[in-house]
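Participant:
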Amino acid sequence: MKQYMQIFHGTAFTSKSAKEVEQLVDYLFCINEDGIIEKIVAPSDSEYEKLLDAYSEAENFHRLADGQYLLPGFVDLHVHAPQWAQSGTALDLPLYDWLNTYTFPVESKFSDLDYAKKVYEDLVSTFLANGTTTALYFATVHKEASLLLAKICSEKGQRGLVGKVVMDDPEQNPDYYRDQDTQTALADTEEFILAVKDLAKSTKQGVYPVVTPRFIPSCTDEALKGLGELAAKYDTHIQSHCSEGDWEHNYVQDRFQKNDAFALNDFGLLRDKSVMAHCNFLDDNDAELFAKTGTAIGHCPISNAYFANSVIPIARFHKKGVDIGLGTDISAGSTPSIFDNARQAVVSSRMLEDGVNTALPAAKRGVPNSRITINEAFYFATAGGGESLSLPIGRLEKNYAWDVQIIDTKLSTAKLPIFNANEDLYDIFQKIMYLTRPENIREVWVQGERVHSRAN
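Counting from 987, one number per residue, gives the positions in the sequence shown under my numbering.
(1) Would you kindly work out how many angstroms separate the C-alpha atoms of K1150 and E1035, rounded to a whole number?
(2) Which term fits G1074, buried or exposed, when burial requires 16 or more other beta carbons within 10 angstroms of its beta carbon?
(3) In its own chain, which residues sit with a C-beta less than 7 Å from the C-beta of T1422, not counting the 5 before and 5 after it?
(4) Closest to D1167 by CA distance: which of T1175, D1155 and E1176 is it?
(5) Can you tell me which of the three DSSP states F1178 falls into?
(6) Below 7 Å CB to CB, which residues in the same chain sit around W1431 once its five sequence neighbours on both sides are set aside?
(7) What does a CB cutoff of less than 6 Å around F1366 pick up in its chain, not counting 5 residues either side in sequence?
(8) Can you list the beta strand (DSSP E) stretches of 3 or more residues lying completely in the stretch 1256–1281, in chain order?
(9) Going by DSSP, what residue range makes up the alpha helix (DSSP H) through E1373?
(10) On the DSSP bridge assignment, give the partners of H1066 in chain order.
(11) Residues in the same chain with beta-carbon distance under 8 Å from V1182, minus the five sequence neighbours each way, listed in chain order, please.
(12) Quick one: give me the first and last residue of the alpha helix (DSSP H) that A998 is part of.
(13) For a test of the three-state rule: what should DSSP assign to V1110, helix, strand or coil?
(14) Have a look at I1414 and M1337 and give me their C-alpha separation to the nearest angstrom.
(15) Identify the residues that DSSP records as bridge partners of Y1443: which are they?
(16) Could you please give the first and the last residue of the uninterrupted alpha helix (DSSP H) stretch that includes S1140?
(17) Out of curiosity, what's the CA-to-CA distance linking N1159 and A1125?
(18) Give me, in chain order, the residues of the same chain whose beta-carbon lies closer than 8 Å to that of I1023; leave out the 5 immediate sequence neighbours on both sides.
(19) In the DSSP assignment, what residue or residues form a beta bridge with H1438?
(20) Taking all protein chains shown into account, do 16 or more other C-beta atoms lie within 10 angstroms of the C-beta of Q989, making it buried, or fewer, making it exposed?
(21) Once you ignore the five residues that flank T1395 on each side, which residues in its own chain have a CB closer than 8 Å to its CB?
(22) Pull up the CB-CB distance for A1067 and Y1101, whole angstroms please, since I reckon it's below 8 Å.
(23) Quick check on Y1412: buried or exposed, where buried means 16 or more other Cβ atoms within 10 Å of its Cβ?
(24) Based on DSSP bridge pairs, tell me the residues matched to L1056.
(25) For the beta strand (DSSP E) that contains K1025, what are its first and last residues?
(26) Are there 16 or more other CB atoms within 10 angstroms of the CB of V1261, so buried, or fewer, so exposed?
(27) To the nearest angstrom, how far is it from the Cα of N1245 to the Cα of R1329?
(28) Check whether the Cβ atoms of L1282 and V1308 lie closer than 8 Å to each other.
(29) Please state whether the Cβ-Cβ distance between E1006 and N1361 is less than 8 Å.
(30) Measure the Cβ-Cβ separation of L1172 and S1140 and say whether it is below 8 Å.
(31) Who are the Cβ neighbours of Y1162 in its own chain at under 7 Å, not counting the five residues just before and after it?
(32) State buried or exposed for K1350, treating a residue as buried only when at least 16 other CB atoms are found within 10 Å of its CB.
(33) Does L1038 get closer than 8 Å to chain B when you measure Cβ to Cβ?
(34) Would you please state the rounded distance, in angstroms, between the beta carbons of I1300 and S1323? I believe it to be under 8 Å.
(35) With DSSP run on the structure shown, which of helix, strand or coil describes V936?
(36) Output yes or no for whether 8 Å exceeds the beta carbon distance between V1065 and T1314.
Written out as structure tokens, the structure reads:
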């Protein structure tokens, strides 16, 4: 009989499609030494009882307790890692004022590696405890501190995609917090890419360098062009902000006489491994360009409520073939939880469809066909995030990474309202998505390794 590194026995939920959740009841999940799902065995399969007999008393056999369920680990497509230090503050300012009054001063502190280490270690541990197994991080302009974040992800077992931020335009960035000049920004980015690729050789779950122009207003044309060339040279992921709010969207139109999407594409920054955060002001032509280039949207619904001046028509963009995942956007988003953002994604879509101005007749108040379901929000949080990053993550399927969270619905201090022993499984799934708190997340595994557990 084939030997496996780990076998899990329990009931799981995973996305079968964007709108359909698959229920895998009492399945066996067989994980190989690389942390990949090698086989999934249903109770009706001929091997099922043989595997149970062979493994049920072994140390590497994990039987979920009554009331526990498996979900794929969450993928967070937009995190400003240094902003964890200011999370939960100053969310009432306009974006431009928020950046210059609070955010840039905070990020400038990360030239101090001791300070960076303290913040980043806490951040990665907190995200793992919230079920986030993969995160796409903006770091800061500091090369060494950005590399430190990648090392902390590597050590703590999180799959981290990390970008050294580029902000080289002296007219648009404060003197105390920007790249020294364009040449330095590009040289530091290339050195960072090479260092993270070297680190990845010894990181089981993977760490990845990300080319990261903060957004068009922060960068010169020369930097944007150079970053596009570096991404192509090293086949890296790319991240930035795109058409987030009125101020940024209008700035780019004034500078280039076109929308963000087409401006970024001109510099080679829209590719199959590109993720653009927010994208609230994309029009249909922009969305079609995203679909054509394979560029994904990192949807940040809580942050958008504070800073985007709009609600993104996520259902329409997804229907056009654009890959979409969820992001917390720490600290413009007030919570490290993708659970919270999945809930808000549903709420925001309903508000867009129904409208908010009661002075208008109901028929004219909203945008038809804008709502998404909790099933779709779950998909964006898991499989959609994996597709956005072009990585085999986010699904409980053969040949995908074993990235999971074990949810306990019967925890005495955070019990979910399940009172019927034969409660419908789909209802249980909905309650998990809407009611789970961090204490319900009992264990988190990444690439077949346990990276978080919560004591009983």
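For each residue, glycine too, the CB sits at the ideal point set by N, CA and C.
Facilitator: On the basis of the supplied data:
(1) Translated into the one-based positions of the sequence shown, residue 1150 becomes position 164. Translated into the one-based positions of the sequence shown, residue 1035 becomes position 49. Between K1150 and E1035, the C-alpha separation is close to 50 Å.
(2) For this step, residue 1074 is matched to residue 88 along the sequence shown. G1074 is exposed by the Cβ-count criterion.
(3) Start at 1 with the first residue of the sequence shown, and residue 1422 comes out as number 436. Residues of the same chain with a CB within less than 7 Å of the CB of T1422, apart from the 5 flanking positions on each side, are F1325 and I1393 in chain order.
(4) Within the sequence shown, numbered from 1, the residue matching residue 1167 stands at position 181. Closest option to D1167, Cα to Cα, is D1155.
(5) Along the sequence shown, one-based indexing puts residue 1178 at 192. Correct three-state label for F1178: helix.
(6) The sequence position of residue 1431 within the sequence shown is 445, counting from 1. Sequence-distant partners of W1431 (beyond 5 residues in either direction) whose C-beta falls short of 7 Å from its own C-beta, in its chain, are W1388, D1389, V1390 and V1437.
(7) As a working mapping, residue 1366 is identified with position 380 in the sequence shown. Cβ neighbours of F1366 beyond the five flanking positions: I1310, G1311 and L1312.
(8) Those beta strand (DSSP E) runs which fall completely within the stretch 1256–1281 and span 3+ residues are 1260–1264.
(9) Looking up residue 1373 in the sequence shown gives position 387. A1369 to L1375 is the span of the alpha helix (DSSP H), which, as asked, contains E1373.
(10) Locating residue 1066 in the sequence shown gives position 80, where the first residue counts as 1. According to DSSP, H1066 bridges with F1124.
(11) Taking the sequence shown and counting its residues from 1, the one referred to as residue 1182 is at position 196. Around V1182: L1133, A1136, V1148, V1193, Y1194 and P1195.
(12) As a position in the sequence shown, residue 998 is number 12, starting the count at 1. For A998, there is no enclosing alpha helix (DSSP H); the enclosing beta strand (DSSP E) covers residues Q992 to S1001.
(13) Looking up residue 1110 in the sequence shown gives position 124. Residue state for V1110 is assigned as helix, using DSSP reduced to three classes.
(14) Your numbering for residue 1414 matches position 428 in the sequence shown. Your numbering for residue 1337 matches position 351 in the sequence shown. Taking the Cα positions, I1414 is about 25 Å away from M1337.
(15) Because the chain is modelled from 987 through 1442, residue 1443 falls outside the range shown and cannot be assessed.
(16) For the purposes of this step, residue 1140 is identified with residue 154 of the sequence shown, where counting begins at 1. Residues K1129 to K1142.
(17) Along the sequence shown, read from residue 1 onward, the residue named residue 1159 stands at position 173. Along the sequence shown, read from residue 1 onward, the residue named residue 1125 stands at position 139. Near 16 Å, if we compare the C-alpha coordinates of A1125 and N1159.
(18) On the sequence shown, position 37 is the one that residue 1023 refers to. Closer than 8 Å at the Cβ level, and outside the excluded window around I1023, lie F1015, C1016, I1017, L1382, E1383, K1384, N1385, Y1386, A1387 and W1388.
(19) Position 452 of the sequence shown, counted from the start, is the residue given in the question as residue 1438. Its beta-bridge partners are V1430.
(20) Numbered from its first residue, the sequence shown carries residue 989 at position 3. In summary, Q989 is exposed, with fewer than 16 beta-carbon neighbours lying within 10 Å of its beta-carbon over all protein chains present.
(21) If you number the sequence shown from 1, residue 1395 lands on position 409. Counting only residues of its own chain and dropping the five nearest sequence neighbours on each side, T1395 has a CB closer than 8 Å to the CB of G1053, Q1054, Y1055, K1401, L1402, I1404, I1414, K1417, I1418 and N1426.
(22) For this step, residue 1067 is matched to residue 81 along the sequence shown. For this step, residue 1101 is matched to residue 115 along the sequence shown. At roughly 13 Å, the Cβ-Cβ gap does not stay under 8 Å, so A1067 and Y1101 are not in contact.
(23) Against the sequence shown, residue 1412 aligns to sequence position 426. When all chains shown are included, Y1412 counts as exposed.
(24) Residue 1056 sits at position 70 when you count from the first residue of the sequence shown. For L1056, which the question treats as bridged, DSSP gives the partners A998 and I1392.
(25) Here residue 1025 refers to the residue found at position 39 of the sequence shown. Taken as a continuous stretch (DSSP letters only), the beta strand (DSSP E) holding K1025 covers I1023 to V1027.
(26) Position 275 of the sequence shown, counted from the start, is the residue given in the question as residue 1261. In summary, V1261 is buried, with 16 or more beta-carbon neighbours lying within 10 Å of its beta-carbon over all protein chains present.
(27) Here residue 1245 refers to the residue found at position 259 of the sequence shown. Here residue 1329 refers to the residue found at position 343 of the sequence shown. Those two C-alpha atoms are separated by around 30 Å.
(28) Translated into positions along the sequence shown, residue 1282 becomes position 296. Translated into positions along the sequence shown, residue 1308 becomes position 322. Checking the sequence, you will find Ala at residue 1282 rather than Leu. Yes, the Cβ-Cβ distance between A1282 and V1308 is below 8 Å.
(29) As a position in the sequence shown, residue 1006 is number 20, starting the count at 1. As a position in the sequence shown, residue 1361 is number 375, starting the count at 1. In contact: E1006 and N1361 (Cβ atoms closer than 8 Å).
(30) Numbered from its first residue, the sequence shown carries residue 1172 at position 186. Numbered from its first residue, the sequence shown carries residue 1140 at position 154. Not a contact, by the Cβ cut-off of 8 Å.
(31) Here residue 1162 refers to the residue found at position 176 when the sequence shown is read from its first residue. Around Y1162: S1094.
(32) By one-based count along the sequence shown, residue 1350 stands at place 364. Exposed is the label assigned to K1350, since fewer than 16 other Cβ atoms lie within 10 Å of its Cβ.
(33) Of the protein chains in the structure, only one exists, and it is not chain B.
(34) Counting from 1 along the sequence shown, the entry for residue 1300 is found at position 314. Counting from 1 along the sequence shown, the entry for residue 1323 is found at position 337. That belief does not hold up - the Cβ atoms of I1300 and S1323 are roughly 19 Å apart, past 8 Å.
(35) In the structure as shown, the chain begins at 987 and stops at 1442. Residue 936 is therefore absent and cannot be evaluated.
(36) Counted from its first residue, the sequence shown places residue 1065 at position 79. Counted from its first residue, the sequence shown places residue 1314 at position 328. Yes; because the gap between Cβ atoms is below 8 Å, this pair is in contact.
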